[in-house]
Amino acid sequence: PDGRVEAVFEGEEETVMKMIEFCKKGPPGARVTDVKVEWEDYKGEFNRFSIRH
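Each residue of the sequence shown is one higher than the one before, counting from 1 in my numbering.
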């Protein structure tokens, strides 16, 4: 694997923006080189959190 991560967030804009900022920093020990953001209209399709590998 090349270390890429894809994340999809849905919710209030302020909360989504906080998650984007977290992604730009990453967790301790991470090296983040780029974050690309694509905005879409709210669809209401997510009601839980999950991690898929």
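All C-beta atoms, glycine included, are put in the ideal place defined by N, C-alpha and C.
If you measure between the beta carbons of residue i and residue j, is that distance less than 8 Å?
{"i": "residue 32", "j": "residue 25", "result": "yes"}
Assuming the contact rule is C-beta atoms closer than 8 Å, residue i and residue j should be a hit. Round their C-beta distance to whole Å, please.
{"i": "residue 20", "j": "residue 35", "result": "7 Å"}
{"i": "residue 10", "j": "residue 46", "result": "5 Å"}
So which of the options has the shortest CA-CA distance to residue i?
{"i": "residue 5", "options": "18, 41, 23 and 49", "result": "23"}
{"i": "residue 16", "options": "28, 2 and 40", "result": "40"}
{"i": "residue 37", "options": "52, 3, 18 and 1", "result": "18"}
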